[in-house]
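Okay, structure first, notes after.
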Amino acid sequence: IHKLLAPIYLERNDHELARKSLLRLYTSKITRMHALHSLFELHSRDNKHENLLPLLEEEFAKNKCSDLKKLLGLTYYKLRRFAEADIILSDLEDREGLFVRCLSLNQLNNFELAQQCFKRLEKDSYNFEDFHYHYGIALVELNKFQAASRQFRCSIELNEQVWNSRCELVRL
């Protein structure tokens with residue numbers, strides 16, 4: 022019944038009842054991952070990832086599946102725990118997880134690794150909001166100004182962080 026109730030509560034923006042239903046779903050092994058994904062979405066809406074983190078860490082201690090690694094890494098990133106996000110996402114092949122790792126590496130000022138990370142995603146860049154802008158930032162920090170300029174120009178063409186990209190181009 023909670024599998025039916027949770028989406029209804031979410032639709033009605035009753036986050037507390039949705040959370041309770043999703044926690045009930047979490048207790049079943051069959052619906053556990055679905056519940057964790059839905060709880061992540063719910064906590065993202067409320068920007069309360071710190072409430073979800075203990076549950077994810079507890080589950081990850083028992084189950085090291087890549088789906089759970091990704092959720093944990095995204096949660097660490099949202100909580101600005103970039104070093105932990107980098108570590109947990111480092112061996113995932115998942116594109117979204119890899120992009121968040123690139124962003125974490127930028128935040129950690131590890132621009133050399135960030136550049137390598139962004140390069141791996143370049144052919145899928147259209148899937149990620151602000152990809153070119155963030156890639157350009159890493160390239161600027163590595164003094165690769167011509168390549169950074171190309172990234173910022175792509176960012177502007179795609180309406181990604183247009184103002185910030187223009188400011189970066191002026192600085193170059």
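Numbering (my numbering), first residue to last: 22 to 193.
The C-beta atom is built at its ideal place from N, Cα and C for all residues, glycine as well.
Ordered along the chain, which non-local residues of its own chain (more than five positions away) have a Cβ less than 8 Å from that of residue i?
i: R101; result: Q128
i: N130; result: E162
To the nearest angstrom, how far is the alpha carbon of residue i from that of residue j?
i: D67; j: E189; result: 32 Å
i: L31; j: G94; result: 24 Å
i: E71; j: H55; result: 19 Å
i: K144; j: R40; result: 37 Å
i: S186; j: E117; result: 22 Å
i: L134; j: R33; result: 43 Å
i: D35; j: K99; result: 23 Å
i: L142; j: S111; result: 14 Å
i: E79; j: A104; result: 19 Å
i: Q182; j: Y97; result: 24 Å
i: R53; j: I109; result: 20 Å
State the CB to CB distance for the pair residue i and residue j, rounded to an integer number of angstroms; the pair is presumed to be in contact (CB under 8 Å).
i: L92; j: L77; result: 6 Å
i: A168; j: L160; result: 5 Å
i: Q137; j: H153; result: Incorrect: roughly 16 Å between the Cβ atoms, too far for contact.
Can you tell me which of the options puts its alpha carbon nearest to the alpha carbon of residue i?
i: I177; options: E133, A159, L142 and D151; result: D151
i: A27; options: S49, S59, K50 and R53; result: S59
i: K90; options: S42, L57 and K69; result: L57
i: L38; options: L63, F139 and K69; result: L63
i: L193; options: C175, Q137, G157 and L126; result: G157
i: L126; options: N180, T96 and H155; result: H155
i: N84; options: A106, K69, Q137 and K50; result: K50
i: F149; options: F166, R122 and D107; result: R122
CB-CB under 6 Å to residue i, same chain, minus the five flanking residues each way: which ones, in chain order?
i: F61; result: L92
Near residue i, what residues of its chain come up, given a Cβ to Cβ distance below 7 Å and the 5 sequence neighbours on each side ignored?
i: S87; result: L113 and D115
i: F166; result: L193
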